[in-house]
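Counted the way UniProt numbering counts, the sequence shown spans residues 1 to 290.
Cβ atoms here follow ideal geometry from the backbone N, Cα and C, with glycine treated the same way.
Scroll down for the structure; my scribbles are underneath it.
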Amino acid sequence: MTEPTHTISDRIQQKLDDLTRAERQLALSILENYPASGLGPLTALAQDANVSVPTVARMVQKLGYKGYPDFQSELREELRAKVKNPIAKHDMWAEAAPSEHLLNRFTDAVIDNIRLTLSQINPAEFDAASELVADQSRHLFIIGGRITHTLAEYFYLHMQVIRPNLTHVQSTSNTWPHYLLNAKEGDVFVIFDVRRYENNTLKLAEMAHARGAKIILFTDQWRSPVHHLADISLSCRIVVPSAWDSAATTMLLIETMISSVQNLNWDETKERLETLEVMFDQTKLFRKFT
Numbered sequence: 001m002t003e004p005t006h007t008i009s010d011r012i013q014q015k016l017d018d019l020t021r022a023e024r025q026l027a028l029s030i031l032e033n034y035p036a037s038g039l040g041p042l043t044a045l046a047q048d049a050n051v052s053v054p055t056v057a058r059m060v061q062k063l064g065y066k067g068y069p070d071f072q073s074e075l076r077e078e079l080r081a082k083v084k085n086p087i088a089k090h091d092m093w094a095e096a097a098p099s100e101h102l103l104n105r106f107t108d109a110v111i112d113n114i115r116l117t118l119s120q121i122n123p124a125e126f127d128a129a130s131e132l133v134a135d136q137s138r139h140l141f142i143i144g145g146r147i148t149h150t151l152a153e154y155f156y157l158h159m160q161v162i163r164p165n166l167t168h169v170q171s172t173s174n175t176w177p178h179y180l181l182n183a184k185e186g187d188v189f190v191i192f193d194v195r196r197y198e199n200n201t202l203k204l205a206e207m208a209h210a211r212g213a214k215i216i217l218f219t220d221q222w223r224s225p226v227h228h229l230a231d232i233s234l235s236c237r238i239v240v241p242s243a244w245d246s247a248a249t250t251m252l253l254i255e256t257m258i259s260s261v262q263n264l265n266w267d268e269t270k271e272r273l274e275t276l277e278v279m280f281d282q283t284k285l286f287r288k289f290t
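Here is the structure:
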């Protein structure tokens, strides 16, 4: 069985403008505790959202389902996909693998991920996130997890050149609470968290949020629990024919944000780059071809 091209969350977000007030109230209630919110009885979902049972029935039909059981069935499939380990993900793809070469299949999957991700990204939210990251009056904390620490390090390396006043925190380290001592209201936490979401990352986000920090989250299509605390969430499609999820779409957003922040601070970034090049020359860190 293949993973769904569009999640229920995608469908809800695409239909929000077409829903009635009660249906929109229900949709937002589902998204608040997604995907677990729709796993119980129809009456329980209606009660939690403070809407009528017919409202639930109408909305799931507007989302393209024959009825609530059909809606729940897909939700359970999403939940199973969300918690798959690498072996299970590999077996799923192997069973459905077509005869074409993996290079083509993998590339097609990445292109689909990029296309679907960009269709869901709100440009105004992306710009707002870039402006928060570029604001040098705010201390910038960058956090990655067991796998996503490589993305966090890449982002941090570039931000080091573009701006001062920042810290790289690894959520898997038992020293990360020390960094929170320096966090204050209005500071910015950029957090990377994808499926098999990490408890340390959620706890760190909760504590940063309690201190009044702004949170920008890079996550997957199912969205990390940190989503409920984030000021801005950037959800990336990650499914490819592999035992591992893809970071290609996330890297695209990271590199785009690096470019955006660089442009917002270009005068200072240029000066810092020139100073850095002088330091490289002095240390003879790189070979020069003349």
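Taking 8 Å as the cut-off, the Cβ atoms of Phe192 and Ile114 do not count as close. Setting aside the 5 residues that flank it on each side, Lys214 is surrounded in the same chain by Leu132, Val188, Asp231, each with a C-beta closer than 6 Å to its C-beta; the list follows chain order. When C-alpha distances from Val110 are compared across Val240, Phe218, Leu16, Ser260, the shortest belongs to Val240. In the structure shown, the three-state DSSP call for Val53 is helix. In the DSSP assignment, Leu166 is bridged to Leu140. Each residue's CA atom was taken as its position, placing Leu42 and His228 some 23 Å apart. For Asp220, the enclosing beta strand (DSSP E) covers residues 214-220. Here the alpha carbon of Glu271 sits roughly 56 Å from the alpha carbon of Gln72. Looking at the backbone, the Cα of Phe106 and that of Val194 are separated by about 19 Å. DSSP places Ser233 in the strand class (E or B) of the three-state scheme.
Taken through DSSP and simplified to helix, strand or coil, Phe71 comes out as helix. When the alpha-carbon of Asn182 is set against those of Leu31, Asp281, Met207, the nearest one is in Met207.
Under the DSSP assignment, Phe189 falls in the beta strand (DSSP E) whose first and last residues are 188-192.
Under the DSSP assignment, Ile111 falls in the alpha helix (DSSP H) whose first and last residues are 102-120.
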